[in-house]
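Participant: In full-length UniProt numbering, the protein residues as written are 1 to 419.
We put the beta carbon where it would ideally sit given N, CA and C, even for glycine.
Just so we're clear, the structure is a prediction, and the values are computed from it rather than from any experiment.
Here it is, the structure in full.
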């Protein structure tokens, strides 16, 4: 694409959301090349170090790790290295049908500065305080907007999409897990992390979501997982209508609330889901669950996750030893799944998309599934992951011990009262 994004182009890009490392913008202009696209911008910590040029984007140890992927090792651009990682590593693992590596587009510093000013009021306060747009970058990542279907010549149907952070779908059994951390073999990391987040005020409500349900392959358990995510979405469950977020957390901490109330969400579904008031939300959650089950995409993700047979307790030793096989340590346990739906008129047998019949509404839906946020993890972050993991497990162990003491004391007092 022979184009450089300039200051005048910034007004056409609107805030969509963000994670810890990147900001996502949607396109609202009329240029054909950008319609149906989203832009991902790298963020820089407010108190971070200045950008420095380097002959390579990777550290010595990272170059050793990815030595068999020449394109990644050779690049001097960190953002390009991330894109090549998705293209050469994650796409073959998860399937090219569900992975979009995108393309990099040159961007001027003035464009990035204008974008920063335009979106700052829409960003969660905690995110603004932590990081800003990295205006030292010379390009941005352009990808298809997976919350929408590509525009065609036919009448455009309304589209509803859900973004799910499935988390880790299995319990670790690594021999490297210390006896003091044995609880990791029976309690999901998500559940333990929820307890710590609630204690620290990062979330305002404990989520009952269990990743093992979502990855179980059981229709009933998958449906339960989707209901639990909807009940406490946090930043793990977001819903978009025609590309605009209407439900779920902003990802900025406990203060980030749902975009609409449950009642308004029910009303918003009218253009997509048929049914009476009070029934559309139930049908939508069932549609999501049925699609997760039918598509089987989480089976593939689970296989990739299970390549990590060390757990962080073993991975940290591999990191310190600088062995040549820590590839498994970096594989995805925190990516997102984007599932998009649109009603299929009259069955439309000519549609190129997979379809699903929802019995509760007597409707056919086209659907497509994509993995997003397949980021290249930095090896130097390994120590941070390890320290956080220790903190999560330690707090959960303390919490369990406290609860057991309280139960014991209550039982003792009850016995004394009875006597």
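Ignoring anything shorter than 3 residues, give me the beta strand (DSSP E) runs that lie fully in the region 324-388, in order along the chain.
Facilitator: Counting only runs of 3 or more, we get 336-343, 354-358 and 363-372.
Participant: On the DSSP letters alone, give me the boundaries of the beta strand (DSSP E) that residue 428 sits inside.
Facilitator: A query on residue 428 cannot be resolved here, the shown segment of the chain reaching from 1 to 419 and no further.
Participant: Taking all protein chains shown into account, do 16 or more other C-beta atoms lie within 10 angstroms of the C-beta of residue 62, making it buried, or fewer, making it exposed?
Facilitator: buried
Participant: Please state whether DSSP places residue 83 in a helix, a strand or coil.
Facilitator: If DSSP states are grouped into helix, strand and coil, residue 83 belongs with the helices.
Participant: In the DSSP assignment, find the beta strand (DSSP E) that holds residue 22 and state where it starts and stops.
Facilitator: Unbroken beta strand (DSSP E) run through residue 22: 22-27.
Participant: Quick check: what's the CA-CA separation for residue 28 versus residue 179?
Facilitator: 54 Å
Participant: Which partner residues does residue 42 have in the DSSP bridge list?
Facilitator: 22
Participant: Tell me the rounded alpha-carbon separation between residue 414 and residue 408.
Facilitator: 10 Å
Participant: Is the region 127-142 in contact with the region 297-310, if contact means three or more CB pairs nearer than 8 Å?
Facilitator: no
Participant: Decide if the region 270-277 is in contact with the region 357-365; the criterion is three or more beta carbon pairs, one per stretch, under 8 Å apart.
Facilitator: yes
Participant: Contact between the region 96-109 and the region 398-406 is defined here as three or more beta-carbon pairs at a separation below 8 Å; is this criterion met?
Facilitator: Contact fails between the region 96-109 and the region 398-406, because fewer than three Cβ pairs, one in each stretch, are under 8 Å apart.
Participant: To the nearest angstrom, how far is it from the Cα of residue 374 to the Cα of residue 295?
Facilitator: 19 Å
Participant: Identify whether residue 470 lies in helix, strand or coil by the three-state DSSP scheme.
Facilitator: What the structure shows of the chain is the stretch from 1 to 419, and residue 470 is not part of that stretch, so it cannot be assessed.
Participant: Specify the secondary structure class of residue 407 as computed by DSSP and reduced to three states.
Facilitator: Residue state, collapsed to three classes: helix.
Participant: Expressed to the nearest angstrom, what Euclidean distance is found between the alpha-carbon atoms of residue 329 and residue 356?
Facilitator: Low confidence applies here, because residue 329 scores a pLDDT of 47, under 50, leaving its location unreliable and the question unanswered by this model.
Participant: Am I right that residue 172 and residue 191 are in contact with their C-beta atoms under 8 Å? What's the rounded C-beta distance?
Facilitator: About 14 Å separates the two Cβ atoms, so there is no contact after all.
Participant: Rounded to whole angstroms, how far is the Cβ of residue 338 from the Cβ of residue 101, which I believe are closer than 8 Å?
Facilitator: About 15 Å; that fails the 8 Å criterion.
Participant: Please state whether DSSP places residue 63 in a helix, a strand or coil.
Facilitator: helix
Participant: The beta strand (DSSP E) that contains residue 274, what's its start and end?
Facilitator: Run containing residue 274: none; DSSP gives neither H nor E here.
Participant: Excluding the five sequence neighbours on either side, which residues of its own chain have a C-beta within less than 8 Å of the C-beta of residue 134, listed in chain order?
Facilitator: Here the set comprises 41, 42, 43, 44, 51 and 112.
Participant: With a 10 Å radius around its C-beta and 16 neighbouring C-beta atoms as the bar for buried, classify residue 163 as buried or exposed.
Facilitator: With a threshold of 16 other beta carbon atoms within 10 Å, residue 163 meets it and is buried.
Participant: Only counting runs of 3 or more residues, tell me where the beta strand (DSSP E) segments fall wholly within the region 159-232, in order along the chain.
Facilitator: Runs found: 160-164.
Participant: State the Cα-Cα distance for the pair residue 196 and residue 350, rounded to the nearest angstrom.
Facilitator: 50 Å
Participant: By the DSSP assignment, the beta strand (DSSP E) with residue 240 in it spans what residues?
Facilitator: 237-241
Participant: If you count every other CB in all the chains shown that lies within 10 Å of the CB of residue 31, and 16 or more means buried, which is it?
Facilitator: exposed
Participant: Would you kindly report the start and end of the unbroken alpha helix (DSSP H) that includes residue 7?
Facilitator: Residue 7 -> no alpha helix (DSSP H), and no H or E assigned at all.
Participant: Quick check on the DSSP output: what are the complete alpha helix (DSSP H) runs of length 4 or more inside the region 279-306, in order along the chain?
Facilitator: 280-295 and 297-305
Participant: Given that a residue counts as buried once 16 or more other Cβ atoms are within 10 Å of its Cβ, and exposed if not, what is residue 343?
Facilitator: buried
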